[in-house]
């Protein structure tokens, strides 16, 4: 008996030794892939940490390895919170961690601020009197509600525009300002007074619709943590290690949320680069990263300065430019890559010649480098209006191109219509979705009839007895829709989400509605079929779970989603979309005063500094060659402009630049 006990203990000890031996070897292997500063940033896991990650310095690798290192050290996946800014980045991070560890990653909290907050709110929002089945309204949904409120209040819609009101309300929520606080403290103008009235009604309308907008997701999560200590302490205890990517892009609400969660353990690691803070117009506050040392005086700072992307000349130009800024943390990017060609600054007569030069140079580059293709080339511009002349040139010379930044897939009418049908199945109080599809396809139910029905005492999607009290003329029209709703509601109890969506399409005759014999109708139907493809990813869940998961995924998906062509093509895009990308050959056009920096960003020094950071981001996307173009004359915004070349060109170090003219 004693022999058997000793044998079991010996075998268990042997497994422990082998397992830990393997772990140490594994950790050693992946830490060997890091440079010295990266390794320190990965293995310093206790206390506050600031990682200043220069462009092309391997930031994603450091974040990935830091998470993997924590897991290898025995930290539970549930105790790690990693926040990113896009769903794509979150998914890539999960996959990279799994790859480093060589197994399937456990249920770690990796996601965007919005997705993390949704996950928390589904559990906790009932404390605020809101049910967990809330709908998430996107921008167009918000604007529809606001338009209705503006109309109800009798405001001039030309003076009080829904889009402007929506933007202002979003800004207030990002600053955690309630309607009551705004009305009491911040109202200083006639426009503010109107905003205050709309804001109050807007929040009440969302509440009655059992809906939240995107800003509410962070706003309400923070509110719960501030007002319910037991909930706050539970999540503080849960998230023992917090990591935030792109910290320079956080707004006040995100900043507050993160610091509340980190208050218990102080194991907070933020990663970012003040030199790449370019989203002030979205509410990003560069002070969050600049003042991080004031928030956590005992922090450790690591500077990732070695660039693995660009040539020495490109980096010299970028460094010389960004050092002109005052709002930054000292950091000097460098590389052991080849010296490379100088940055080429090209003066052209006008926008037509600008486009021709770009096309000609791309063709020559690809002829000289046959291993490269059009996907290795990008043209950046400051505003969308600049793309017109470029497109003409690419079309004239038959060079394929793709424009990034068009209408998002989920903003297309036919997609939003089908989603609205699915939404009201999950949330029968969602009147925005109901209004969208009650007469789509047409059922003879006009806007006036819709308003009368919704205002009728006892109106409900779940109890149709009120129909008997409607005037017969209205009742007959509305009954058609309610019969349809009943059929698809019944189907929702036993069909997968993709099957349910086809039921909606068939029962509502939506396919016939789209296929009107035009090529545009064919394209719209193709979009519906693509939505079916997305939905099928959730078919493995139960019917109700699949609806919830699908709608949540759609609500959180990155904006500006666009299906790329399978054929190589030159990318055309605004420079604000450049972050996270890299190309061998980069062209930045319109590098002129009043265009870049933009005329609306030249009145204050801080705005010019953001424009300079934007230029820095564009420059550091280039791996091999960089071209900056400026025109002597330019037709833009319906008139000619004669702009001097941008100050940013003159701020580049002389020994990293070559100037030439093109005629």
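Residue numbers (the numbering used here): -14 to 648.
Just so you know, even glycine gets a beta-carbon here, dropped at the ideal spot from N, CA and C.
Residue i versus residue j - alpha carbon distance
i: residue 36; j: residue 69; result: 15 Å
i: residue 20; j: residue 641; result: 27 Å
i: residue 618; j: residue 587; result: 20 Å
i: residue 171; j: residue 210; result: 24 Å
i: residue 245; j: residue 365; result: 39 Å
i: residue 254; j: residue 248; result: 13 Å
i: residue 637; j: residue 594; result: 15 Å
i: residue 405; j: residue 303; result: 47 Å
i: residue 455; j: residue 541; result: 39 Å
i: residue 315; j: residue 234; result: 18 Å
i: residue 106; j: residue 184; result: 22 Å
i: residue 570; j: residue 608; result: 7 Å
i: residue 30; j: residue 24; result: 11 Å
i: residue 9; j: residue 214; result: The pLDDT assigned to residue 9 is 42, lower than 50, so where the model puts this residue is not dependable; a value taken from the coordinates is nonetheless given after this. About 40 Å.
i: residue 279; j: residue 422; result: 52 Å
i: residue 460; j: residue 452; result: 6 Å
i: residue 227; j: residue 243; result: 8 Å
i: residue 259; j: residue 44; result: 14 Å
i: residue 16; j: residue 55; result: 13 Å
i: residue 430; j: residue 204; result: 37 Å
i: residue 550; j: residue 377; result: Here the model assigns residue 550 a pLDDT of 49, short of 50, so the residue's position is not dependable, and the following value carries that caveat. Distance between the alpha carbons of residue 550 and residue 377 is about 19 Å.
i: residue 415; j: residue 409; result: 6 Å
i: residue 490; j: residue 193; result: 28 Å
i: residue 296; j: residue 111; result: 55 Å
i: residue 470; j: residue 363; result: 48 Å
i: residue 481; j: residue 199; result: 27 Å
i: residue 568; j: residue 630; result: 24 Å
i: residue 144; j: residue 559; result: 30 Å
i: residue 93; j: residue 51; result: 13 Å
i: residue 104; j: residue 448; result: 31 Å
i: residue 663; j: residue 42; result: With the chain covering -14 to 648 only, the question about residue 663 has no answer from this structure.
i: residue 187; j: residue 122; result: 12 Å
Residue burial classification, residue i (beta-carbon count within 10 angstroms, cutoff 16)
i: residue 544; result: With a pLDDT of 33 at residue 544, under the threshold of 50, the modelled position of this residue cannot be trusted, and the question is left open.
i: residue 58; result: exposed
i: residue 369; result: exposed
i: residue 282; result: exposed
i: residue 307; result: buried
i: residue 381; result: exposed
i: residue 426; result: exposed
i: residue 293; result: exposed
i: residue 166; result: exposed
i: residue 395; result: buried
Residue i (DSSP reduced to helix, strand or coil)
i: residue 227; result: strand
i: residue 547; result: Low confidence applies to residue 547: its pLDDT is 37, below 50, so where it sits in the model is not reliable enough to give any reading.
i: residue 289; result: strand
i: residue -12; result: Low confidence applies here, because residue -12 scores a pLDDT of 49, under 50, leaving its location unreliable and the question unanswered by this model.
i: residue 486; result: helix
i: residue 57; result: helix
i: residue 318; result: coil
i: residue 613; result: strand
i: residue 632; result: helix
i: residue 626; result: strand
i: residue 654; result: Outside the shown range of the chain, which is -14 to 648, sits residue 654, and nothing can be said about it.
i: residue 343; result: helix
i: residue 249; result: coil
i: residue 653; result: No answer is possible for residue 653: it lies beyond the span of the chain, which begins at -14 and ends at 648.
i: residue 522; result: coil
i: residue 219; result: helix
i: residue 619; result: strand
i: residue 40; result: coil
i: residue 172; result: coil
i: residue 264; result: coil
i: residue 638; result: coil
Residues sharing a beta bridge with residue i, DSSP
i: residue 646; result: 332
i: residue 515; result: For residue 515, which the question treats as bridged, DSSP gives no partner whatsoever.
i: residue 34; result: 254 and 285
i: residue 579; result: 583
i: residue 555; result: 386
i: residue 607; result: 568
i: residue 198; result: 122
heavy atom of the ligand SAM below 7 Å from residue i C-beta
i: residue 614; result: Looking for the ligand SAM in the displayed structure turns up nothing, as the structure carries no ligands at all.
Alpha helix (DSSP H) runs contained entirely in the segment 349 to 392, provided each spans 4 or more residues = 372 to 381
Length-filtered (3 minimum) beta strand (DSSP E) runs lying within the segment 112 to 167 = Counting only runs of 3 or more, we get 120 to 122.
Whole beta strand (DSSP E) elements within the segment 70 to 110, 3-residue minimum = 94 to 97
Completely contained alpha helix (DSSP H) runs for the segment 419 to 487, where each covers 4 or more residues = The qualifying runs are 432 to 439 and 457 to 477.
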